[in-house]
Structure formats: C-alpha cells, structure tokens
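*Asks:*
Number of protein chains: 4
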Amino acid sequence: MPTKEPKRKMRAIRSVADNGGRNPARTRLAIIEAATQEFAEFGIGGARIDAIALRAGLNKRLLYYYFGNKEDLFQAVLERAYEGIRTAERALHLGEIDPIEAIRKLVAFTWNYYIAHPEFLSLLNSENLHRASHLKKTSNIMEMNSPLVQALDSVLEHGRASRLFRSGVDPIQLYISIAALSYFYLSNQHTLSAIFGRDLRAPKAETERLSHMTELVLGYLLL
Amino acid sequence: MPTKEPKRKMRAIRSVADNGGRNPARTRLAIIEAATQEFAEFGIGGARIDAIALRAGLNKRLLYYYFGNKEDLFQAVLERAYEGIRTAERALHLGEIDPIEAIRKLVAFTWNYYIAHPEFLSLLNSENLHRASHLKKTSNIMEMNSPLVQALDSVLEHGRASRLFRSGVDPIQLYISIAALSYFYLSNQHTLSAIFGRDLRAPKAETERLSHMTELVLGYLLL
Amino acid sequence: MPTKEPKRKMRAIRSVADNGGRNPARTRLAIIEAATQEFAEFGIGGARIDAIALRAGLNKRLLYYYFGNKEDLFQAVLERAYEGIRTAERALHLGEIDPIEAIRKLVAFTWNYYIAHPEFLSLLNSENLHRASHLKKTSNIMEMNSPLVQALDSVLEHGRASRLFRSGVDPIQLYISIAALSYFYLSNQHTLSAIFGRDLRAPKAETERLSHMTELVLGYLLL
Amino acid sequence: MPTKEPKRKMRAIRSVADNGGRNPARTRLAIIEAATQEFAEFGIGGARIDAIALRAGLNKRLLYYYFGNKEDLFQAVLERAYEGIRTAERALHLGEIDPIEAIRKLVAFTWNYYIAHPEFLSLLNSENLHRASHLKKTSNIMEMNSPLVQALDSVLEHGRASRLFRSGVDPIQLYISIAALSYFYLSNQHTLSAIFGRDLRAPKAETERLSHMTELVLGYLLL
DNA sequence: CATGAATGAGGTTTCATTCAT
DNA sequence: GATGAATGAAACCTCATTCAT
Numbered sequence: 121m122p123t124k125e126p127k128r129k130m131r132a133i134r135s136v137a138d139n140g141g142r143n144p145a146r147t148r149l150a151i152i153e154a155a156t157q158e159f160a161e162f163g164i165g166g167a168r169i170d171a172i173a174l175r176a177g178l179n180k181r182l183l184y185y186y187f188g189n190k191e192d193l194f195q196a197v198l199e200r201a202y203e204g205i206r207t208a209e210r211a212l213h214l215g216e217i218d219p220i221e222a223i224r225k226l227v228a229f230t231w232n233y234y235i236a237h238p239e240f241l242s243l244l245n246s247e248n249l250h251r252a253s254h255l256k257k258t259s260n261i262m263e264m265n266s267p268l269v270q271a272l273d274s275v276l277e278h279g280r281a282s283r284l285f286r287s288g289v290d291p292i293q294l295y296i297s298i299a300a301l302s303y304f305y306l307s308n309q310h311t312l313s314a315i316f317g318r319d320l321r322a323p324k325a326e327t328e329r330l331s332h333m334t335e336l337v338l339g340y341l342l343l
Numbered sequence: 121m122p123t124k125e126p127k128r129k130m131r132a133i134r135s136v137a138d139n140g141g142r143n144p145a146r147t148r149l150a151i152i153e154a155a156t157q158e159f160a161e162f163g164i165g166g167a168r169i170d171a172i173a174l175r176a177g178l179n180k181r182l183l184y185y186y187f188g189n190k191e192d193l194f195q196a197v198l199e200r201a202y203e204g205i206r207t208a209e210r211a212l213h214l215g216e217i218d219p220i221e222a223i224r225k226l227v228a229f230t231w232n233y234y235i236a237h238p239e240f241l242s243l244l245n246s247e248n249l250h251r252a253s254h255l256k257k258t259s260n261i262m263e264m265n266s267p268l269v270q271a272l273d274s275v276l277e278h279g280r281a282s283r284l285f286r287s288g289v290d291p292i293q294l295y296i297s298i299a300a301l302s303y304f305y306l307s308n309q310h311t312l313s314a315i316f317g318r319d320l321r322a323p324k325a326e327t328e329r330l331s332h333m334t335e336l337v338l339g340y341l342l343l
Numbered sequence: 121m122p123t124k125e126p127k128r129k130m131r132a133i134r135s136v137a138d139n140g141g142r143n144p145a146r147t148r149l150a151i152i153e154a155a156t157q158e159f160a161e162f163g164i165g166g167a168r169i170d171a172i173a174l175r176a177g178l179n180k181r182l183l184y185y186y187f188g189n190k191e192d193l194f195q196a197v198l199e200r201a202y203e204g205i206r207t208a209e210r211a212l213h214l215g216e217i218d219p220i221e222a223i224r225k226l227v228a229f230t231w232n233y234y235i236a237h238p239e240f241l242s243l244l245n246s247e248n249l250h251r252a253s254h255l256k257k258t259s260n261i262m263e264m265n266s267p268l269v270q271a272l273d274s275v276l277e278h279g280r281a282s283r284l285f286r287s288g289v290d291p292i293q294l295y296i297s298i299a300a301l302s303y304f305y306l307s308n309q310h311t312l313s314a315i316f317g318r319d320l321r322a323p324k325a326e327t328e329r330l331s332h333m334t335e336l337v338l339g340y341l342l343l
Numbered sequence: 121m122p123t124k125e126p127k128r129k130m131r132a133i134r135s136v137a138d139n140g141g142r143n144p145a146r147t148r149l150a151i152i153e154a155a156t157q158e159f160a161e162f163g164i165g166g167a168r169i170d171a172i173a174l175r176a177g178l179n180k181r182l183l184y185y186y187f188g189n190k191e192d193l194f195q196a197v198l199e200r201a202y203e204g205i206r207t208a209e210r211a212l213h214l215g216e217i218d219p220i221e222a223i224r225k226l227v228a229f230t231w232n233y234y235i236a237h238p239e240f241l242s243l244l245n246s247e248n249l250h251r252a253s254h255l256k257k258t259s260n261i262m263e264m265n266s267p268l269v270q271a272l273d274s275v276l277e278h279g280r281a282s283r284l285f286r287s288g289v290d291p292i293q294l295y296i297s298i299a300a301l302s303y304f305y306l307s308n309q310h311t312l313s314a315i316f317g318r319d320l321r322a323p324k325a326e327t328e329r330l331s332h333m334t335e336l337v338l339g340y341l342l343l
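As they're listed, the protein sequences go chains A, B, C and D.
First residue of the first sequence? That's 121 in the working numbering, and the numbers climb one at a time after it.
First residue of the second sequence? That's 121 in the working numbering, and the numbers climb one at a time after it.
First residue of the third sequence? That's 121 in the working numbering, and the numbers climb one at a time after it.
First residue of the fourth sequence? That's 121 in the working numbering, and the numbers climb one at a time after it.
Right, dumping it as structure tokens:
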C-alpha cells in the first residue's frame, strides 16, 4: 500500500446538497458539513478534497469556487465549529441561577456538547497541531472567545458573595480546567480505553465520569 | 500550492546518527528519534519519510529496512514514547511520602513531563485520531498501563486512613483528571492563547497554572 | 499498496542448502533450484532476489558471489532447465522400437515431461518474452538442440520404409507440432480453463488430451 | 545495473492521442493501445507506467484517472485483446462453406491472426503466468469464449455427414490443437530459432509451417 | 452555477546491488 | 566462504489544483 494515508472507502454518505443545484448558500453549507466530517475523521493532512466533494455530492471544482483551497476550507470549517459551540454556550444563561447549580450545569453542558460534537474536539486537535495558524487568520478572533468566561466570573462572584465558594479563583483557569476534564477524556478515549482495558464510553462509565468531574470542581470550589 | 501539506524546509537539524554506519542499535535509535520529532510536528499524514531520513542523517531506504513502513514506524515511535513516560513514572515512588505531598508531586510531575516532552502529547493526539489502531497492535499493551494508577490508589488510601482525604475516589478517574488538566492546557495552548489573547506559556502563566491545578485537586481531595 | 508486483508471502519453502556452509557445489545448486522456482512463478521481472535467497536459505550476497547478477542467474537457470529435458530425452531411445509405438512414446513423453516440469514452460515463456537474449549468450548453444529431432527423423524414415507413414514429413516441423500440442494446452491452461469453464487439469481431461494428441499425430502420419 | 529490468530507451513512439485533450473515448483508447504495446513487450512486471504514458503522449496521472492501477489497466488491455480476436473470428462464417475448405480457412486464419497480432500471444502468456487472475475478474467471461468452437463443431458434423471426416472429434480439443500449432511456433520462435539455428520467421519457413499445420489437421480429420 | 478531464509535483515503497566485517 | 547493513535509482501511485466547456 504505497499510499500516504490508511485506505478507506470513498462513498457519499448522504448527498447533503440534493438541491437541483443553484442554491449557493445551501451548496456552501453542504461543503462545510462534508468538510467538517472529513477533517474531523482524518485531520488536515489526511482529509481528501475528493472525499469531501463526494460526501457533499458535489463536483470537486466547486470547493475551489467557494473556498479557494484546502487551507481556507479548513479555516471556514473551524470557524463554523466555534460558532456552533459559542451559540450553544450563549443559550446557557448561567448568571440567572444558583451558583452551585450553575457550576453543575456548566460541567454537564461541556461534557454533553463534546459528546454530541466529537468533530469539534478533533478539529481543535488539528488546529493545535498546526499551531492555530488558521484561527489566527480569522478576522474577528475575539468573537471566538467564550461568553462563558464572563458568565463564569459572575457565577464565581455570586458564590463567593454567598460564602459558598472559595475566593481567588481565576475564571479562565477554571474554565480551561472544566473543559480539560471532559475534553481529554473524550479526545483520548481510544488510547485510554486500550491501556486501561475498559470501555470509557460505556453508559455507566460516562455517568461516572460526569459525577467525578462535577464533584471534583465543586469539591474544590465549595468552602 | 500543489502539495498536500504546508510547505516546510527540509534541512537536517542534527545528524542523530553520526556513526560511520554498521551500528544497528544506534541506527535504529536515530530513526526512532528523528521520526518522533517529525510525527510530533506534522502528524502521521503530514510526516514525510524523506524528512525523517534527512533528520536522522540516513538513507531513506533504511527506514524500510528497519521498520517496514510508515505505520509500523509510527507504532515503534509511539511505543518508545510510552516507555519513556512509564520509566519516568516508575521513578516517582509516591507511596513513600505524605499523601498531600504525593498529590502535589504527581500533579507537578505530570505537568513537567508534558512540558519537557511536548512530542508525547502530539503523538497521543495522532494516535487517537487513528482510534488507537497502532497501540492496539502492540503485543504487551498492558505494560503501557501506568504504574501510577496503583500508586495513586495507595496514596488515596493512606490519605483516607489519615482522615485527610475524602473517600470514594476512583484512582483511574483521578489519574485521568490530573493528566487532563495539564494535557489540555498544553496540547491546546495555541488555540487557547489565540482566543484568550494571552500567552499561556509565559513563565508567570505556567506557574499560575500549576498552582491552580494543585489547588483544584487538593481542594477536592482534602476534607 | 504501491507495489510493483502482486503481493506474496516470502517464506523459505525448504532450505535447500542445509549444509553447514562450505560446500560450493551444493550452495550453487541450492541457488539455482530456488531461482528456478522463483523465476518460474513470477517471471524475470517479477522474481525477487530477496525471495530467491530466502527460498535457498542463503544470504543474498551469495547469489552475487556465485552468479554476478540477476540476468546471469536466469541464464544459469535456463541452461539447467534445458539440460534437464535433454537428459530425459536422451533416455528415450526411440529408434529401437516400432515406429507407431515410437510416436506414441514421444507424444506421451512430451506431455508427461511438461506436466512434471511446469517450471520449464514458464521459463521458456520468460525467455521468449526477452527474445531469447539469455539463450543466445550460452556458449554451446547447439547442445541445447534436442537429440529427439534426429531420432524422430529416423522414426519417420522407418515408418515410411515400412509403408506405415506418409512421406515428406519434416522432422523439425513435426517435433515442434508435438511440443506445441502439449505446451500450449498446459502453458495456457489458466486462460483456457477460465474461458471454456472447464478444468483442463482434471484427470479425465488430461487423459482425453493425451488421446487426442496421439490420434491427431498418428492420424496424420499413418497412411 | 541497479535497475530491475533491462535498460531500454523511453521515447514516445507515436503520440497515439494527438487530440487537444477533452476527448475521453479517444484518450481511453490511446491509453489502452499504448499499454497493449508495453505489456506485450515487457510483461506485467516489466511494463512501466511512465513508458505507457509516454507512448500514449499523455500525463501519467491520467492512466490512474481512467484505470485505477496497473493491474486494472492490464485487465482492460486483455479484454480488448480478446474482443479483437473474437470480432475477427465472428467474421469467418465457417459454417457456410465446404468442410475441408473451412478447416483450411480456420488454420490459416489462426496463423495469420497471430502473426498480425503478436501482442495477443504475449498478453496471454503474461495472463497465464498470473494464473488468469485478471481474466477471472472480467464480468462477462463467457463472451470471451470463442464463437469458433460452435462453428467448428458444425463443420465437423458436416464433414462427418459427408463421410469426409472421422467421427468422435471433440471440437474443443481440436480448436485448442489448431491454436496450439500456430501459437507455440510463434510465441516460442526466439528460443526455437536459437536452438535450431534457423530463422523460423523467414517467408519460406512461414509458408512451410502453414502447409504443415494444414496437412497435419486435415491428415488427421480426413478418412 | 456547475462539471469531467487533465496535470505537475511529490509521496511511499521496492529493488538490484554493494559495502564492511 | 559467508553475512547483515546500507544505498541510489526508480517504480507505482496520490493529491491539490487548474483547464476547457
């Protein structure tokens, strides 16, 4: 197998763009979605333009028409992925509820979002392998910043004011830690499962993990 | 850009094998080390056999002579990377010290090892992208299991016996969490730095991160 | 798999040279026999020096020591193959028996020799693909000539004298025809079997073929 | 000689595809024709994709675009070669003429077709070296079957009915024998010429061979 | 807007052969 | 006499990208 990447079948999973053509917005979206799957599954180097076109049910030339080249397509994919999580985060409204509940909700949300969007983890890994080169090229990079950091800051402030939480907690550090606990477990599930000889994705294992993470964070915060 | 991967200069960083040939063990090692760097930097798909040969100062053909193909070379690289961290872990001797100190030491060790061995994180990310396919092929996969899990179990037991630590803590969950806190921060440093607009690798930031992680874990464990 | 030839396992069938080394004649023979199998199975282009060494249970370097290069090794193999059939032919003694019986014997001998030595057919095919370039380099090419042609000439003469056989038969043409009838059937057995949807090598089919060939030749010769 | 195959010049004999591009059918044909020559001349292992592209006057990448890989290209070449002879055979209309004349015509046709299409013999030899692996993959393998076998059956029947031919002749056996007589002579002409020290392809030799074969077959058939 | 055909560069791998012991 | 290590050349094949319609 003189090939560069592991062999894989190329079959159109689902022709995302079953419009009779002539719908730019939809075509664009179809490409992004197909590319998201492909990049998530194989990384930037492993993703194949042909495979993306096939997944999208579109001619390869169109990818270039819409996105110029592979790198820029990845950038678009990445931006949409961030957009997705930021939108979901904005719907959380942590500030309006009890601090303890807010933390539970934040941990659970992070966990569930990553589980529902494994491609997001994979895309981030790819982007970090490339030293965030695509992210750095996005124009309004600040909008990538999570609205949750500010919300978390306010939750911590409320908790501290109510003498529930310890003081001196950096919301960014905590935000990163909460993300880390879910992210690492899921992103590295294959090596961890192999090494520990357990299926980390069994329902029971997932429940235990969420409990553990919640207890860990609250155990730390609560006075 | 007609090439698949971002352009990069190919220059022999350092001829790892400045033996006059005819030293199999040394040649083998030179290949593994060069490959480790290359795979860590560019992933499996992005790594170039030519580049590895150049880095190692060896004829490309030799890589095939010793390892058969790219995949098997990656497997060898991965196995050696695990071997490295397991060896370091075995030198920790957590069981012989005060539980609190042991936890501090474990968190700091994990952090420092990842900082000293960024290639390890990258290799693991690659392997997880490939669903641990190489790891699953290693013969004695159980030896990949960290000796720290058992040590941590005993630390937790001591802590609980001394009424210092809470009970009911699963050592595997905690081990994963401790790894997660350092791993995610470092592995995702580029996207995080870009988004937060701060340099997460500034000395001050590193110190703060280690403190935060230690407090988080101990804050959770201590009664 | 970017390989040139169809994949195949390389395993030493039988270490022909299980001498403790130091037996030139035996080593030489072991190489020739291993090479014969390899060349017969894969052709000159498809044969692999490594595979031959492995089959012979010898170091690859020895093949070069004894034969110089692949081409010359093939020449040696070919010469030995011709030697084999010529030796067998010399044992026939056609002149001493009844002409009809002699023809039967010749047809059957040809058929049986080809069946017992399929590698001979394959080597000849290879050599013809190369326009007999190796054969032309052999020193005493005349010794390659079949002793049977002269014997056949005398058989035909006897048959004609006894008013059994027709006259005017060129022994070389007939010799070629007799060879052709067996050779083509066996050498092309795979395509013929595929196309006719029958197994040409089934015992019944073989018997029928020999009968047919014998009848064909005798039917032509007999007055 | 560090190369695998005998050296040879690579020069575009004749740019088969002097279309200004954009003519798929023509391009496809140009590839097949170039590949036919190359495979016939050097065998499957010896044929070079580069050389085929050069012969066809096309970009090497196109061969893969149209045929996937070398093996599949060979299969296409082989199928076209069979198609060619089957088409020619269908134009013979043996059933409509006198049985004796029909046999003469069949022998001469076989002889002349092989002479006009030496590549056909070579391709068949290659395919048999590979145990008909490509032929077995062709979908309608039955259409490869010669229409002549049935025609020959009817000729034999007519001949027998007219008390001209012997009975009990298997048309497949006879068909194979007729093919064999021409095939072996031509396919093995180089070794035979070398060994007999005569030029088997001299015009006189060719005439004699055709006579001999015709007499042989008719001598057998005629009562 | 959309597409099948075409391409240059470069990737992995293989091979016959030689070197150093 | 015998061997494992090493090599340069070239083979097959892949890929992102562009051309012509």
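Even for Gly, the Cβ is constructed at its ideal location relative to N, Cα and C.
Quick caveat, the model's predicted, so the values are computed rather than measured.
1) For Leu301 of chain D, name the three-state secondary structure that DSSP assigns.
2) Name, please, each residue of chain A whose Cβ falls closer than 7 Å to the Cβ of Asn308 of chain B.
3) Comparing C-alpha positions only, which one of D:Ala154, D:Ser274, D:Gly166 sits nearest to Gly215 of chain D?
4) Would you kindly work out how many angstroms separate the C-alpha atoms of Glu209 of chain D and Met264 of chain D, rounded to a whole number?
5) Is it the case that the Cβ atoms of Leu268 of chain D and Ala201 of chain D are separated by a distance below 8 Å?
6) Give the straight-line distance between the Cα atoms of Asn179 of chain C and Thr311 of chain C, rounded to the nearest whole angstrom.
7) Looking at chain B, is there any beta carbon in it that lies within less than 8 Å of the beta carbon of Arg321 of chain A?
8) Let me know the secondary structure DSSP gives Leu212 of chain C once reduced to three states.
9) Contact between the segment 217-233 of chain B and the segment 182-197 of chain B: three or more CB pairs below 8 Å?
10) Taking CB distances under 8 Å as the criterion, tell me whether Asp290 of chain A reaches chain B.
11) Within 10 angstroms of its Cβ, does His213 of chain C collect 16 or more other Cβ (buried), or is it exposed?
12) My output table needs one value for Leu343 of chain A: the three-state DSSP class, helix, strand or coil.
13) Please list the partners that Tyr305 of chain A has in chain B, where partner means a Cβ-to-Cβ separation under 7 Å.
14) Could you confirm whether any beta carbon from chain D is found closer than 8 Å to the beta carbon of Leu330 of chain C?
15) Please confirm if the segment 284-292 of chain D is in contact with the segment 226-235 of chain D, defined as three or more CB-CB distances below 8 Å between the two stretches.
16) Which term fits Arg329 of chain D, buried or exposed, when burial requires 16 or more other beta carbons within 10 angstroms of its beta carbon?
17) State buried or exposed for Thr230 of chain D, treating a residue as buried only when at least 16 other CB atoms are found within 10 Å of its CB.
18) In the structure shown, what three-state DSSP assignment does His332 of chain D receive?
19) Quick one: what's Phe285 of chain B bridged to in DSSP?
20) Just confirm the distance between the C-beta atoms of Ile298 of chain C and Leu226 of chain C, as a whole number of angstroms; I'd bet it's less than 8 Å.
21) Mind checking which residues open and close the alpha helix (DSSP H) that includes Thr156 of chain C?
22) Is Ala252 of chain C helix, strand or coil when you go by DSSP?
23) So with Cβ pairs under 8 Å, would you call Thr207 of chain B a contact of chain A?
24) Can you tell me which of the three DSSP states Asp192 of chain A falls into?
25) Closest Cβ-Cβ distance between Leu239 of chain C and chain D: below 8 Å?
26) Applying a beta-carbon distance threshold of less than 8 Å, which residues of chain C neighbour Leu312 of chain D?
27) Distance cutoff 8 Å, beta carbons only. Does Gly204 of chain D sit that close to anything in chain C?
28) Please report the distance separating the alpha-carbon of Asp218 of chain C from that of Ile172 of chain D.
29) Report, in whole angstroms, the separation of the C-beta atoms of Glu335 of chain D and Tyr340 of chain C, which I expect to be a contact under 8 Å.
30) With distances taken between CB atoms, is the gap from Ala160 of chain C to Phe304 of chain D smaller than 8 Å?
31) DSSP three-state call for Gly204 of chain D: helix, strand or coil?
32) So Lys257 of chain D contacts chain C; which residues on that side make the cut at Cβ distance below 7 Å?
33) Mind listing which residues of the segment 260-273 of chain B have their C-beta closer than 9 Å to chain A's C-betas, in chain order?
34) Can you pull the chain D neighbours of Ala252 of chain C, defined as C-beta to C-beta under 8 Å?
*Replies:* Once the coordinates are examined:
1) helix
2) Leu244, Asn248
3) D:Ser274
4) 12 Å
5) no
6) 37 Å
7) no
8) coil
9) no
10) yes
11) exposed
12) coil
13) Ile296, Ala300
14) no
15) no
16) buried
17) buried
18) helix
19) B:Leu342
20) 6 Å
21) 144-166
22) coil
23) no
24) helix
25) According to the sequence displayed, residue 239 of chain C carries Glu and not Leu. Chain D contact via Cβ: absent.
26) Ile296
27) no
28) 55 Å
29) 7 Å
30) no
31) helix
32) None at all; the shortest Cβ gap to chain C is about 10 Å.
33) Ile261, Met262, Met264, Asn265, Ser266, Val269
34) His310, Thr311, Ser313, Ala314
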